[in-house]
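2 protein chains.
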Amino acid sequence: MATKDKKEPQQKQVKSKEAKDKLNTAGVGKEEDFSEWYTNVITRSEMIDYYDISGCYVLRPWSYNIWEQIQAFFDAEIKKLGVQNAYFPLLVSEKALTTEKDHIEGFAPEVAWVTKSGQSQLSEPVAIRPTSETIMYPAYAKWIRSHRDLPLKLNQWVNVVRWEFKHAVPFLRSREFLWQEGHTVFSTKEEADKEVFQILRLYKRVYEELLAVPMIEGLKSEKEKFAGGLYTSTIEGFIPTNGRGIQAATSHCLGQNFSKMFNIEFEDDKGGKSLAWQNSWGITTRTIGVMVMVHGDDNGLVLPPRVAPIQAVVVPLYFSGSDNSVVDKRSEEVVQLLKDAGIRAHLDARPGYSPRDKFQQWELKGVPIRIEIGPKDIEKNCVMICRRDNREKSSVADASLVQTISETLQAIQANLLARATKTRNESITPITQWPEFVPTLDKRHLVLAPWCEVPECEDGVKKRSNEESLKNKDESEKGFRLTGAAKSLCIPLNPAELRDLPAITAETCCFACERKAKKWTLFGRSY
Amino acid sequence: MATKDKKEPQQKQVKSKEAKDKLNTAGVGKEEDFSEWYTNVITRSEMIDYYDISGCYVLRPWSYNIWEQIQAFFDAEIKKLGVQNAYFPLLVSEKALTTEKDHIEGFAPEVAWVTKSGQSQLSEPVAIRPTSETIMYPAYAKWIRSHRDLPLKLNQWVNVVRWEFKHAVPFLRSREFLWQEGHTVFSTKEEADKEVFQILRLYKRVYEELLAVPMIEGLKSEKEKFAGGLYTSTIEGFIPTNGRGIQAATSHCLGQNFSKMFNIEFEDDKGGKSLAWQNSWGITTRTIGVMVMVHGDDNGLVLPPRVAPIQAVVVPLYFSGSDNSVVDKRSEEVVQLLKDAGIRAHLDARPGYSPRDKFQQWELKGVPIRIEIGPKDIEKNCVMICRRDNREKSSVADASLVQTISETLQAIQANLLARATKTRNESITPITQWPEFVPTLDKRHLVLAPWCEVPECEDGVKKRSNEESLKNKDESEKGFRLTGAAKSLCIPLNPAELRDLPAITAETCCFACERKAKKWTLFGRSY
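Just so you know, the sequences run in chain order A and B. Counting from 1, position 485 in the first sequence corresponds to residue 485 in the UniProt record's numbering; the numbering is continuous, with no gaps. Counting from 1, position 4 in the second sequence corresponds to residue 4 in the UniProt record's numbering; the numbering is continuous, with no gaps.
Put into structure tokens, the structure is as follows:
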């Protein structure tokens, strides 16, 4: 017997197959218990570790690397738009934090306060930033004097803290998270409006091109918009397993609300004073959680090739009676060949693990392509490859290896987006009458409905959907709640992209009240 | 008259020459009042803005961009060593923070405590990380089981908070700062030792190759080493203007102290249990302040080309009676030509500023090369260039422009390092007797002296140097204190690189006490 693990004496205390399977797999079906599945997948794949402060998590290299790739893409794109990076302090005084009233009302209950250093009380408590409008804008007011100082476009990649008491979910809702926050200032509303949607489109590209998760662009309702802002644009994702919508990133036009409170004025080219127009926009590490939930399967993560830290893993297969050094040598060659072609390849030549263990572990970690190389493959001048997204295996001739791997990575990337888009589209149901609402949600669908956009109506939608949902309590045990209030997710910019929908006319009624409808609006239970 | 600023009506309210000079220059000589000079230079060049929480500062794009370049270099280098990036929480529980006693004693007085969220008291206060040993190592203890899990090499780029009550200096000592912290774990002391110095050499390269600031590698004394660690290696810089040493970056071997307290054990290849060997190492935004202090002059910043956000600024010169569009067109061409060659070039075609204003502003911001293009230059197929480091002007033929700019940038980079190294070397004086100590410090020099390495002796050096220094009180008004205690900066790894020094023998006495000397040690007043 020549497998390496049998040679090594310290490998004798081999764990039972069941014990290993427990650690090498998700341990539970995604549909069976979504919540446990998610926890198992993100911890066992080494993306996340739990921490002794509730709601805070460790981002291990397997997830942080994906964040680095999102950063690299987005950072390069905003620099093309003339945005520069900067760093503003973590801490904010009470005075600055409370300058804009609507804004602080939105954040006040979640703010973490530092009151002590060492054994001494601070003379005035300071807050940890939940977002940096109130930190940056006093400086903006100093820096901006003339129209020639505009536009001002700054961004920072930082941590923020929001001490939420809602149930924490790693990546999706944590008390500390990483994000970028862009804060820009313009002379005119037109420039601000234009940038809001330029940024929104970049966010959509992060999800669709990098993470292969389809997004719906839209505007938030009055109740759901950013505290203190003028309007909020958003991209909304969909988690099929529990039928919930999820806010994926937002780009806000702040209008002149903050510039008024912080005195951000500029001298225009006629010598008069004007209030500046402002935007702020952010995307967070939530990206990673959405990607995990959308693509993962019962075997673990399924990573889109564009962001996978390892795109192809080579597993050498040893057979008794063969010269394993030939297998090792060829495996190393293949990895080098792929690396030279710019593919993130990795050799798993670890002794002490069976091929079965290795296959399971790399599937759990979601690596897009596994390449198996054994003595027979070498004899036949080929390798065996296995796709993570559909688990299809095929033999590839050495001569076309690099090209095939390259094309297969592209195919996987495209397939993941197409598959998720199909599922998402099939899970959006247009309705026009209230009685259809909760039953549609209960099919784990989102709802498109003609809506009046009146805040009181949205309050009613939340209240009534929550009450009617309580009938479904028996479903709540499966690790995803089918109960709960629904709210507006967004007013889609292009609802026609999602469905052929009848036009809203002067006669169209709101699905939930007696008022006239304004727009087709996306509703759902959400994160 | 055809200069653009005269065409624009809104430029009529031109400020007085004196008022503009005040904002466009350092405003005070570097030797005249170093402290005011530093504040003026870093604020007027738009590197730093002050903030309403004392000891916290805004890093504006002009400094943050330099940090990004340091990050890019160092991050790529550590990844070659197999280090991976991760992100651990900002907040730490009291229990974890206080696990290693010597460590917490070192940091306790500076720790910022969060005690409240919204209006609610937290059930247990949590601390903001002053450094992350106590945050990361409980996780390491879970992850590390076998020698096959080692080495483990993680790094994070984060903010930390140390609520110091010493006088804050932007970049050099602030209550929040940015850094990377690497935390690595090995099976053997040999591996840990090796990495300590690999990292130290990378830190030296950051300063010498990127920032053109010479460094002395050494070991910290027992009193100056990292709290809880085994030994600390350091690179030490020198600020000629006040003759102070400055700790520039440190790489610590933690030995087994933390692994013992946090139970980081691994099963070795014989089946026994061993405590792991650990290192931690960090470099901060202090880098930028050291660079400013070393290279800056009475006209403002002097940026080394490798990290300058703009390496060459093109200023078009307009003359009356000439066709200024030709000047504009040629200036744009030159900028594009340089950009195509990978040079960070910038066109300053702002209307409303005279060439004199522009020259002053770009000198203040430290841009390495200014390129002036006027109608006569175009006629003669050349441009005028001016070096920031020595202010030499020369005419350069269009045909050799890219090559000359490229070579000049390299020459400036080399010149800055050579100049700073010469000054530094001339400011280190070897002594052997105590009476020479304070007078040498008072010449704004560092001291090399044979030392016994006994902690009580170092206490004596501090106390005595402080007492003797008080005589120089009259000097303290010049924005740099020549008074103050001196301490050991480091025990240089290669003192012979600094000076020809007599060997330390069994007869050599400590310069400060009656004990035997061990090594030539670098002493100085310091930041």
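The beta carbon of each residue, even a glycine, is placed where N, CA and C say it ideally should be. Given the structure is predicted, the values throughout are model-derived calculations rather than measurements.
{"Check": "Residues in the same chain with beta-carbon distance under 7 Å from Asp5 of chain B, minus the five sequence neighbours each way, listed in chain order, please.", "Outcome": "Here the model assigns Asp5 of chain B a pLDDT of 37, short of 50, so the residue's position is not dependable, and the following value carries that caveat. These residues qualify, in order along the chain: Gln11, Pro351, Gly352, Tyr353, Ser354."}
{"Check": "Where DSSP assigns a beta bridge to Arg370 of chain B, which residues make up the other side?", "Outcome": "B:Val313, B:Cys386"}
{"Check": "Below 7 Å between beta carbons is the criterion; list the residues of the region 90-105 of chain A that meet it against any residue of chain B, in chain order.", "Outcome": "Leu90, Leu91, Ser93, Ala96"}
{"Check": "Could you list which residues in chain A have their beta carbon closer than 7 Å to that of Ile53 of chain B, in chain order?", "Outcome": "Pro89, Leu91, Ser93, Val126"}
{"Check": "My parser needs the alpha helix (DSSP H) runs of 4 or more residues fully inside the region 98-144 of chain B; what are they?", "Outcome": "101-107, 133-143"}
{"Check": "Could you tell me whether the region 241-248 of chain B touches the region 283-301 of chain B, where touching means 3 or more Cβ pairs closer than 8 Å?", "Outcome": "yes"}
{"Check": "Against chain B, does Tyr140 of chain A count as a neighbour if the rule is that its beta carbon must be under 8 Å from one of theirs?", "Outcome": "no"}
{"Check": "Let's test the definition: count the other Cβ atoms within 10 Å of the Cβ of Glu195 of chain B and tell me whether it reaches 16, buried, or not, exposed.", "Outcome": "buried"}
{"Check": "Per DSSP, what kind of secondary structure is Thr43 of chain B in: helix, strand or coil?", "Outcome": "helix"}
{"Check": "Smallest Cα separation from Leu210 of chain B: which of B:Trp434, B:Leu416, B:Lys376?", "Outcome": "B:Leu416"}
{"Check": "Could you say if the region 270-277 of chain B and the region 319-331 of chain B meet the contact criterion of at least three C-beta pairs nearer than 8 Å?", "Outcome": "no"}
{"Check": "For the putative contact between Leu150 of chain B and Val185 of chain B, defined by C-beta atoms under 8 Å, what is the C-beta separation to the nearest angstrom?", "Outcome": "6 Å"}
{"Check": "Would Trp520 of chain B and Pro455 of chain B be called neighbours here (beta carbons separated by less than 8 Å)?", "Outcome": "no"}
{"Check": "Rounded to the nearest angstrom, how far is the Cβ of Cys490 of chain B from that of Lys220 of chain B, given a contact under 8 Å?", "Outcome": "6 Å"}
{"Check": "What do you get for Ala420 of chain B, buried or exposed, if any count of 16 or more other CB atoms within 10 angstroms of its CB means buried?", "Outcome": "buried"}
{"Check": "Considering only C-alpha positions, which residue in the set B:Ala341, B:Gly460, B:Leu59, B:Ser427 is nearest to Thr43 of chain B?", "Outcome": "B:Leu59"}
{"Check": "So, is the C-beta of Leu154 of chain B closer than 8 Å to a C-beta in chain A?", "Outcome": "yes"}
{"Check": "Unbroken beta strand (DSSP E) runs of length 3 or more, entirely within the region 319-350 of chain B: which are they?", "Outcome": "345-347"}
{"Check": "Per DSSP, what kind of secondary structure is Glu436 of chain A in: helix, strand or coil?", "Outcome": "helix"}
{"Check": "Are any of the Cβ atoms in chain B nearer than 8 Å to that of Lys116 of chain A?", "Outcome": "yes"}
{"Check": "Could you please give the first and the last residue of the uninterrupted alpha helix (DSSP H) stretch that includes Trp62 of chain A?", "Outcome": "61-80"}
{"Check": "Is there a Cβ from chain A that is less than 8 Å from the Cβ of Asn85 of chain B?", "Outcome": "yes"}
{"Check": "Quick check on the burial criterion: 16 or more other C-beta atoms within 10 angstroms. Buried or exposed for Phe165 of chain A?", "Outcome": "exposed"}
{"Check": "I'd like the ranges of any beta strand (DSSP E) spanning at least 3 consecutive residues and lying wholly in the region 234-258 of chain B.", "Outcome": "244-255"}
{"Check": "Measure the alpha-carbon distance for Asn390 of chain B versus Trp362 of chain B and round it to whole angstroms.", "Outcome": "14 Å"}
{"Check": "Just checking my contact of Ser314 of chain B with Val334 of chain B at CB under 8 Å: how many whole Å lie between their CB atoms?", "Outcome": "Looking at the sequence itself, residue 314 of chain B is Val, so the reference to Ser does not match. That pair is a contact at about 6 Å."}
{"Check": "Taking only beta carbons into account, state which residues of the region 27-50 of chain B come closer than 8 Å to chain E, listed in chain order.", "Outcome": "Among the chains of the structure shown, chain E does not appear; the protein chains present are A and B."}
{"Check": "Using a Cβ-Cβ cut-off of less than 8 Å, list which residues of the region 56-68 of chain A approach chain B; keep chain order.", "Outcome": "Cys56, Tyr57, Val58, Leu59, Arg60, Pro61, Tyr64, Asn65, Trp67, Glu68"}
{"Check": "Listing by chain order, which chain B residues have their CB less than 8 Å from the CB of Glu110 of chain A?", "Outcome": "Ser117, Gly118"}
{"Check": "Please name the residue in A:Asn257, A:Asn155, A:Gly296 whose C-alpha comes closest to that of Ala212 of chain A.", "Outcome": "A:Gly296"}
{"Check": "Can you list, in chain order, the residues of its chain whose CB lies under 6 Å from that of Ala192 of chain A, leaving out five sequence neighbours each side?", "Outcome": "Phe186, Cys253, Trp277, Asn279"}
{"Check": "Output the boundary residues of the alpha helix (DSSP H) element that contains Gly289 of chain A.", "Outcome": "286-295"}
{"Check": "Rounded to a whole number of angstroms, what is the C-alpha to C-alpha distance between Glu436 of chain B and Phe73 of chain B?", "Outcome": "42 Å"}
{"Check": "Count the other CB atoms, across all protein chains shown, that sit within 10 Å of the CB of His183 of chain A; report buried if there are 16 or more and exposed otherwise.", "Outcome": "buried"}
{"Check": "Kindly indicate which three-state DSSP category Lys518 of chain A falls into: helix, strand or coil?", "Outcome": "coil"}
{"Check": "Tell me the rounded alpha-carbon separation between Ala26 of chain A and Asp357 of chain A.", "Outcome": "14 Å"}
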